[in-house]
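The sequence shown begins at 5 in my numbering and counts up one residue at a time.
For reference, the structure discussed in these notes is given below.
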Amino acid sequence: MRLFGAMTDERRERVRCHVCGAESEHVVARRATEEGAPDLDTRPPETLRSTMPAWVQRCPSCGYCAPDLAAGAPRAARVVRTAAYRALLADATRPPLANAFLASSAVLEGCAALADAGWQAVYAAWACDDAGDDPAAGECRLRAVALFADALLARQEVAVDPGGADAVIADLLRRAGRFEEAIARVEAVSDRPILKPTRRVLRYVAALAARGDRGAHSSAEAPPLTPAS
Ligand SMILES: [Zn+2]
């Protein structure tokens, strides 16, 4: 797999599944670096970018998917045993890595960890991007938008910095082709006190959406703010 090809430093570890107790072996990425700027949706640069398959573990016995198979909320087992969960994991129309992230997202949602569930859906979108599956990537992004909206209503933290959640949500909408909603999201926070780097990203996302650009862009491309802004 291409993503593993660039992984320079990895090791394997045995993990005991939180849901079924079975042990399985998983690749754990170590010492990833970040050279350059992240994408507008926070996707990191290399080498961290290529460690993505190690961000989610799937139990070969019961299908539980999680960032760490050994951990999880008590309710996780209930989600894993549902027919909807099994159908999601078995969906051959999406890349298996995207399914693992979506399954992890479903478990976290079932355990009310809505912000974390949203981020797992974002990672699923990136896995679809890498597989060239644009429709599936769009579905994952809209799932992430919905989960982040619920997370914010539940006062869960989606991003650390003020306006960070809005920047991510606006870019998810833009990448999914929802240009007007992306622009509206940026405009809705234009009067809020937001740090300059985030404000730059927000402006750039809106500008890209205004010209119908759905592509991936680095945050380093965002033009500096003018004195008036
Ligand atoms: Zn298991």
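Quick reminder that beta carbons are idealized off the backbone N, C-alpha and C, glycines included.
Buried or exposed: where does residue i fall if 16 or more other Cβ atoms within 10 Å of its Cβ makes it buried?
i           : result
residue 65  : exposed
residue 165 : exposed
residue 16  : exposed
residue 228 : exposed
residue 230 : exposed
residue 27  : exposed
residue 206 : buried
residue 202 : buried
residue 216 : exposed
residue 72  : exposed
residue 167 : buried
residue 189 : buried
residue 176 : buried
residue 120 : buried
residue 10  : Below a pLDDT of 50, predicted positions are generally treated as unreliable, and residue 10, at 47, falls in that range; no measurement from the model is reported.
What residue range is occupied by the uninterrupted alpha helix (DSSP H) comprising residue i?
i           : result
residue 162 : Counting along the chain, residue 162 falls outside any alpha helix (DSSP H), and DSSP gives it neither H nor E.
residue 184 : 183-192
residue 75  : First-last for residue 75: undefined, no H or E at that position.
residue 173 : 168-179
residue 132 : 118-134
residue 113 : 100-114
residue 202 : 200-214
Taking only beta-carbon atoms, is residue i less than 7 angstroms away from chain B?
i           : result
residue 194 : Note that chain B does not occur in the displayed structure, where there is just one protein chain.
So, residue i versus residue j, is the Cβ gap smaller than 7 angstroms?
i           : j           : result
residue 31  : residue 105 : no
residue 96  : residue 23  : no
residue 140 : residue 133 : no
residue 152 : residue 181 : no
residue 69  : residue 21  : no
residue 171 : residue 162 : no
residue 58  : residue 36  : no
residue 114 : residue 149 : no
residue 213 : residue 187 : yes
residue 235 : residue 43  : Nothing can be reported for residue 235: it is not among the residues displayed for the chain, which extend from 5 to 233.
Closest to residue i by C-alpha separation, out of the options, would be which residue?
i           : options              : result
residue 124 : 199, 48 and 111      : 111
residue 76  : 52, 108, 101 and 103 : 108
residue 127 : 224, 14, 52 and 223  : 52
Residue range of the beta strand (DSSP E) that residue i falls in?
i          : result
residue 17 : 14-20
residue 88 : Note, residue 88: premise wrong, no beta strand (DSSP E); alpha helix (DSSP H) at 87-94.
residue 27 : 27-33
Subject >> Contact set, ligand 1 heavy atom to C-beta under 6 angstroms >> reply: With 6 angstroms as the limit between CB and the heavy atoms of ligand 1, the residues that fall short of it are 21, 23, 24, 26, 63, 65, 66 and 68.
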